[in-house]
Amino acid sequence: MIDYMQLLKVDLQGLYTDQLERINKIIRWYEIYDGKQEWSTNEELDYKPTKKISNKIKELIDKKARFMFGKEPYFNLKPIIADERGSTINADKAQAKEDLLYKILDSNKFHSKLLKARKDCSIGGKIAIKLWAQRDIGLKIVFSPAQEFIPFYDVDDVDNLYKIIFVYMVQDALEPAEQIIKKQTWEMINGKCILNEGTYNGTGALLEAPFQNYNTGLDFIPAIIIQNGGLTGETEGRSDVELLWSNQDIYNRLTSDDIDALKFQMFGQNVFVDASEDSLKNIKIAPGAMIDLQSDISTEGKQAQANRLESNFSYNDKFQDTVNRIKNDMYDALSVPNIGLEQLKGLMQSGKSMKALYWDLISACEEDWTEWGPALEQMVDYIFKMVDVYNLYNARDIVRFDTTMTIEHTYPIPEDEADQQRLDLEKVTAQVMSRKAFIKKWQDVEDVDAEMEQIATEQQMLKDEFIQAASNELNSGD
Numbered sequence: 001m002i003d004y005m006q007l008l009k010v011d012l013q014g015l016y017t018d019q020l021e022r023i024n025k026i027i028r029w030y031e032i033y034d035g036k037q038e039w040s041t042n043e044e045l046d047y048k049p050t051k052k053i054s055n056k057i058k059e060l061i062d063k064k065a066r067f068m069f070g071k072e073p074y075f076n077l078k079p080i081i082a083d084e085r086g087s088t089i090n091a092d093k094a095q096a097k098e099d100l101l102y103k104i105l106d107s108n109k110f111h112s113k114l115l116k117a118r119k120d121c122s123i124g125g126k127i128a129i130k131l132w133a134q135r136d137i138g139l140k141i142v143f144s145p146a147q148e149f150i151p152f153y154d155v156d157d158v159d160n161l162y163k164i165i166f167v168y169m170v171q172d173a174l175e176p177a178e179q180i181i182k183k184q185t186w187e188m189i190n191g192k193c194i195l196n197e198g199t200y201n202g203t204g205a206l207l208e209a210p211f212q213n214y215n216t217g218l219d220f221i222p223a224i225i226i227q228n229g230g231l232t233g234e235t236e237g238r239s240d241v242e243l244l245w246s247n248q249d250i251y252n253r254l255t256s257d258d259i260d261a262l263k264f265q266m267f268g269q270n271v272f273v274d275a276s277e278d279s280l281k282n283i284k285i286a287p288g289a290m291i292d293l294q295s296d297i298s299t300e301g302k303q304a305q306a307n308r309l310e311s312n313f314s315y316n317d318k319f320q321d322t323v324n325r326i327k328n329d330m331y332d333a334l335s336v337p338n339i340g341l342e343q344l345k346g347l348m349q350s351g352k353s354m355k356a357l358y359w360d361l362i363s364a365c366e367e368d369w370t371e372w373g374p375a376l377e378q379m380v381d382y383i384f385k386m387v388d389v390y391n392l393y394n395a396r397d398i399v400r401f402d403t404t405m406t407i408e409h410t411y412p413i414p415e416d417e418a419d420q421q422r423l424d425l426e427k428v429t430a431q432v433m434s435r436k437a438f439i440k441k442w443q444d445v446e447d448v449d450a451e452m453e454q455i456a457t458e459q460q461m462l463k464d465e466f467i468q469a470a471s472n473e474l475n476s477g478d
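Taking the numbering used here, the leading residue of the sequence shown gets 1, the next gets one more, and so forth.
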């Protein structure tokens, strides 16, 4: 484990104990998410109690993340000044800027990282997006979970991030001296972003320092913090794992006890009365087996009997009510509908009914978008500023063209997709959305430009065929 005391004691000063305690909590939340949900049992029993772990926490967090980011959000850039009639100069410049953005996002596998980051944010309560630029490589987008960074905010303005420390385990090992850890500190000093980076071993000894008081040339820290819930003034966010854990623990214990109860109570027992000891030893319970049942000679006047004592085990309804109530509480906590196939059978043809079932989840995701939306907008703004400062991809002129941006998001509900497509088609018809933007958003096409050329070619062929047919008809009339 990383020795945070050695690496962070100077930076954290009196805050070390609180931060270390929180980091340990976050590590525990990740263990719970991964299924480490053990509990102690009585070891003096004459049987080994069942421990059945039904990881509802992971299931719910993954479901919400897939619903929110299963479909990649669309970054739509438009020129601030509209083109004059018959001109596409400004629209083309905005499209070039959008194409550059998607080149950067796609090279960083942004959609995949975004989906995973949503899960990390639910587990640890927050995530950080860090932007890293090198002229010969380009721009890298790095998502960091809560245990890998410590932010510092202005006391009078919690939105003002003036310093952030990232700590990564590069090489893990049992011996601290063999561990390799990277520590980065980004800090605003006199309006400039200063970077210090060092590589350490597990004892805190400095191995390498590639950046010392390095002026990045930026007037901002290239990192954005996204929190999961919370109230005004809070900077840590809330963990969904912590919210769900008490119900998950009870659920695991109840279902495990139920298995043991079934194991001992659901099967009937054979009962032999007044049977001799020798005949009991020779009894074989098997399909079609014969039993030579003899009376015990010591029980004069009594006849040996064989009976079957069946179980009257009947707590099932109460048990189901209890576990279903606990499970529903967990689903309700994240606003995820608890819907099975039977409940969906009558709704598959109705998009509006499906949307009604998912309304609470949609509302919860829209609430989350009030945090994620501005953060992603800030990320894009920082990307363009860094391309400008470092002239990445030789695209300085492209990013300096002024545009507006909206982030459009859809959820995986049939009616939602159909409505969005219909609205976008109306925009294309009204010439407020380009055909290229529509194809990029809704069609699974690798080369949008090639698709546009193919459409234009086919339209020209149809036009030529129409003109030829009209010409032939006129000639035949003569």
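Backbone N, C-alpha and C define an ideal beta-carbon position, used for all residues, glycine too.
Would you say L254 and F319 are within 9 Å of each other, going by their C-beta atoms? yes
Helix, strand or coil for A91 per DSSP? helix
Please report the residue range of the alpha helix (DSSP H) in which T41 lies. Segment: none, T41 is in no alpha helix (DSSP H) and carries neither H nor E.
Rounded Cβ spacing between V158 and G233 (contact assumed at less than 8 Å): Under the criterion of beta carbons closer than 8 Å, V158 and G233 qualify as touching, at roughly 6 Å.
For S144, list the residues DSSP reports as bridge partners. A128
Beta carbon of S246 nearer than 9 Å to that of W29: no
Among N76, F264, K463, L139, nearest to D46 - alpha-carbon criterion: F264
Using 8 Å as the cut-off, can you tell me whether the stretch 361-380 makes contact with the stretch 326-340, which would need three or more C-beta pairs spanning the two stretches below that distance? Because the criterion of three Cβ pairs below 8 Å is met, the stretch 361-380 and the stretch 326-340 touch.
Beta carbon of S295, beta carbon of D274: below 9 Å? Yes. Within cutoff.
Smallest Cα separation from I181: which of G191, K440, T199? T199
Tell me which residues share the same chain as T185 and place their Cβ nearer than 6 Å to its Cβ, disregarding the 5 neighbours each side in the sequence. The residues are I165, N196.
With burial defined as no fewer than 16 other Cβ atoms inside 10 Å of the residue's Cβ, what is the status of S144: buried or exposed? buried
Quick one: using the 10 Å Cβ neighbour count with 16 as the cut-off for buried, is S434 buried or exposed? buried
Own chain residues within Cβ distance below 7 Å of A133, not counting five before or after: Same-chain partners within the cutoff: L139, M386, Y390, L392.
Going by beta carbon distance, what residues of the same chain come within less than 7 Å of I413, once the five residues before and after it are set aside? G351, M354, K355, Y358
Integer Cβ distance of R115 from A177, believed to fall under 8 Å: Note on identity: in this sequence residue 115 is Leu, with Arg being the wrong assignment. At roughly 37 Å, the Cβ-Cβ gap does not stay under 8 Å, so L115 and A177 are not in contact.
Compare the beta carbon distance of I26 and I123 with 9 Å and say whether it is the shorter of the two. yes
Please check the pair V380 and L101, which I expect to be a contact at CB under 8 Å, by giving their CB distance rounded to whole angstroms. By a beta-carbon distance limit of 8 Å, V380 contacts L101. Their separation comes to about 6 Å.
So the candidates are F75, D92, I137; which of them puts its Cα closest to the Cα of F110? F75
Cβ atoms of L77 and M452: under 9 Å apart, would you say? no
How is the alpha helix (DSSP H) around F67 delimited, first residue to last? Taken as a continuous stretch (DSSP letters only), the alpha helix (DSSP H) holding F67 covers 56-69.
The ligand FMN and Q171: does any heavy atom of the ligand fall closer than 8 Å to the residue's C-beta? The ligand FMN is absent from the structure shown, which contains no ligands of any kind.
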